[in-house]
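Engineer:
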Amino acid sequence: METASGMESFVKEALKHSNLRDDRLEIKEDKTIEESFRLPRIVVVGCGGAGNNTINRLCNIGIAGADTIAVNTDGVHLSAITAGKKILIGKTLTKGLGAGGFPEVGERAAELSRDEFEEIFEDADLVFITAGMGGGTGTGAAPIIAEAAKSKGAIVVGMVSTPFRVERSRVSTAEDGVEWLRRKADTVIVLDNNKLLDYVPNLPIEQSFGVMDQLIAETIKGLTETITQPSLINLDYADVKTIMNCGGLAVMLVGEMDGQERSEDAIRRVLSHPLLDVDYSGATGCLLHITGGGDLTLRDAEAMAEAITYEIATGANVIWGARIREDFEGKARILAIMTGVHSEQVLGPDVGRNRSKLDAMIGRTGGRGKVPKRDDFIIDRVI
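In terms of my numbering, the sequence shown opens at residue 480 and continues consecutively.
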């Protein structure tokens, strides 16, 4: 073990009592403390087919400290999903047969259940809403559910996927849906299905979609358990709130490396393919989480944090944490969420010259306008 000169005795003494740190990380009953605080209530909502699939995967891998809810207009698909709670919306509207790809139907169905959603979110602190953009239920219902959660004071984070480029009609619908959700939620993390081609180009299509489901599920699980479970370097609810509150458009970068790759160059190489084409040099915030085994050193963790943040603006608010997991011995995973970014694929915080028209359609302060259609306005791209 290499130590700085003059520090040997301190290091030896610290190692002698290193088990004390582990003891402090165990959750123990303490009535005095428990009466003074409560753990934040985290709710994960999956809207539509893609969102339901993520909830199903999240429940299968297990998540501690969050309530899971599956919402759909399709009764058959919903019945096959594992979730803490299932809500079939728009029963009188769709008869449980789905939204038919029409966001207006998904929106109306969610509106009919608004009171139920507001009751569910009554004491929620953080709400994740996951959906696939471009279809009917996810695109239409997600903004309504986000609005209901915001009305109860929760921080709302959307995690949505966008269609493949060949799905032309769904792409334009997805763009409109992301913009509407961005105006209702605090932060929207957009994941581009086309980026799957960079990671798993030769997998069968069903398994490829499973990779996206797993990625979203693992991200939500990681953030939730970091907040609610003991960690080496804690990320608490206040940290997440600081970064996500009014974060706007966000991108996620994720990568894994083994013990032989923990150099800055290797880390940058692993993380060189964000899941959305963005310019994140102007990011206003970064939530960074590192997971490693018992062999993860402070130098490793610092190098990873430095490598992922070296390109972003010097004034960006960076908050990071680290967690040790036994199943990560010999490897490490980095998860970074950059907020306040711009993308050519979707609208950033500053929309184009038709902003006022879009405001009138969807409401500047929580109005319940109809889902915008592609022909109703022109989007100025962020170049």
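Glycine included, each C-beta is placed from N, C-alpha and C at the ideal position. This one's a predicted model, so the numbers in the text were calculated from it and none came from an experiment.
Does any C-beta atom of chain E lie closer than 8 Å to the C-beta of D718?
Structural biologist: Annotation note: the requested chain E is absent from the structure, which comprises a single protein chain.
Engineer: Do you know how far the Cα of V679 is from the Cα of F600?
Structural biologist: Roughly 37 Å separates the two Cα atoms.
Engineer: Report the residue from V733, F688, I791 whose alpha carbon sits nearest the alpha carbon of G530.
Structural biologist: Of the listed residues, the one whose Cα sits closest to G530 is F688.
Engineer: Closest to G734 by C-alpha separation, out of N796, L754, G773, would be which residue?
Structural biologist: Nearest C-alpha to G734: L754.
Engineer: What are the boundary residues of the beta strand (DSSP E) that includes R802?
Structural biologist: Segment 796 to 803, the beta strand (DSSP E) holding R802.
Engineer: Please work out which residues of its chain come closer than 8 Å, Cβ to Cβ, to G528, disregarding the five sequence neighbours upstream and downstream, and give them in chain order.
Structural biologist: Excluding positions up to five away in sequence, the list reads N551, D553, H556, G611, G614, T616, G617.
Engineer: For D715, which residues from the same chain have a beta carbon less than 8 Å from its beta carbon, with the 5 sequence-adjacent residues on both sides left out?
Structural biologist: Excluding sequence neighbours, D715 sits near I706.
Engineer: To which residues does DSSP link G865 through a beta bridge?
Structural biologist: Only positions 480 to 862 of the chain appear in the structure, and residue 865 is not among them; the question remains open.
Engineer: Let's test the definition: count the other Cβ atoms within 10 Å of the Cβ of T763 and tell me whether it reaches 16, buried, or not, exposed.
Structural biologist: T763 comes out buried.
Engineer: Please report the distance separating the alpha-carbon of G827 from that of V730.
Structural biologist: Summary for G827: the model assigns pLDDT 41, below 50, so the residue's position carries little reliability, and this model does not support an answer.
Engineer: Any contact of the region 560 to 575 with the region 629 to 645, i.e. 3+ C-beta pairs under 8 Å?
Structural biologist: The answer is no - the region 629 to 645 does not touch the region 560 to 575, with fewer than three Cβ pairs under 8 Å.
Engineer: Thinking C-alpha only, which one of I695, R644, F643 is nearest I668?
Structural biologist: Here the closest residue by C-alpha is I695.
Engineer: Just how far apart, CA to CA, sit D774 and A815?
Structural biologist: Rounded to the nearest angstrom, the two C-alpha atoms are 21 Å apart.
Engineer: What residue ranges within the region 638 to 714 form continuous alpha helix (DSSP H) runs of no fewer than 4 residues, ordered along the chain?
Structural biologist: Counting whole runs of 4 or more residues, the region 638 to 714 contains the alpha helix (DSSP H) stretches 647 to 663, 675 to 678, 684 to 707.
Engineer: Cα separation between G585 and R662?
Structural biologist: Distance between the alpha carbons of G585 and R662: 17 Å.
Engineer: Identify whether R536 lies in helix, strand or coil by the three-state DSSP scheme.
Structural biologist: Reduced to three states, the DSSP call for R536 is helix.
Engineer: Evaluate contact between the region 569 to 578 and the region 595 to 609, counting only Cβ atoms and requiring at least three cross-stretch pairs below 8 Å.
Structural biologist: No contact exists between the region 569 to 578 and the region 595 to 609.
Engineer: Compute the Euclidean distance between the alpha carbons of V719 and F807, then round it to the nearest angstrom.
Structural biologist: Cα to Cα, V719 sits roughly 24 Å from F807.
Engineer: Can you tell me the Cα-Cα spacing of G794 and T776, whole angstroms?
Structural biologist: Those two C-alpha atoms are separated by around 27 Å.
Engineer: Out of E790, N539, G544, point me to the one whose CA is closest to R517's CA.
Structural biologist: Residue G544 is the option with its Cα nearest to R517.
Engineer: Given a threshold of 16 other Cβ atoms within 10 Å of its Cβ, counted over all protein chains shown, does V635 qualify as buried or as exposed?
Structural biologist: Counting Cβ neighbours within 10 Å, V635 comes out buried, since at least 16 surround it.
Engineer: At what residues does the alpha helix (DSSP H) containing D594 begin and finish?
Structural biologist: Element bounds for D594: 593 to 599.
Engineer: So who's on the other strand from C526, going by DSSP bridges?
Structural biologist: According to DSSP, which records beta bridges pairwise, C526 is partnered with V550, A610.
Engineer: Under 8 Å between the Cβ atoms of A588 and A620?
Structural biologist: The answer is yes: Cβ separation under 8 Å.
Engineer: Quick one: give me the first and last residue of the alpha helix (DSSP H) that T793 is part of.
Structural biologist: T793 -> no alpha helix (DSSP H), and no H or E assigned at all.
Engineer: Is the beta carbon of I769 sitting closer than 8 Å to the one on A801?
Structural biologist: Yes, the pair counts as a contact, with Cβ atoms nearer than the cut-off.
Engineer: Are L766 and I803 touching if we call contact CB-CB under 8 Å?
Structural biologist: In this structure, I803 does not lie closer than 8 Å to L766 by Cβ.
Engineer: Determine which residues share a DSSP beta bridge with C765 and list them.
Structural biologist: Answer is V797, M817.
Engineer: Do you know how far the Cα of N672 is from the Cα of K836?
Structural biologist: Confidence at K836 is low in this model, with a pLDDT of 36, below 50, so the placement of that residue should be treated as unreliable; the coordinate-derived value is given next. Taking the straight line from one Cα to the other gives about 29 Å.
Engineer: Could you tell me which residues DSSP pairs with A729 in its beta bridges?
Structural biologist: Partner(s): I668, T818.
Engineer: For the alpha helix (DSSP H) that contains K570, what are its first and last residues?
Structural biologist: Taken as a continuous stretch (DSSP letters only), the alpha helix (DSSP H) holding K570 covers 570 to 573.
Engineer: In the structure shown, what three-state DSSP assignment does L755 receive?
Structural biologist: Three-state result, L755: coil.
Engineer: State the DSSP-derived secondary structure class of K629, mapped to helix, strand or coil.
Structural biologist: Helix, per DSSP.
Engineer: Need the endpoints of the beta strand (DSSP E) that I566 sits in, please.
Structural biologist: Looking at the DSSP string, the run of the beta strand (DSSP E) that includes I566 is 564 to 567.
Engineer: Kindly indicate which three-state DSSP category G734 falls into: helix, strand or coil?
Structural biologist: In this structure, G734 counts as strand in the three-state DSSP scheme.
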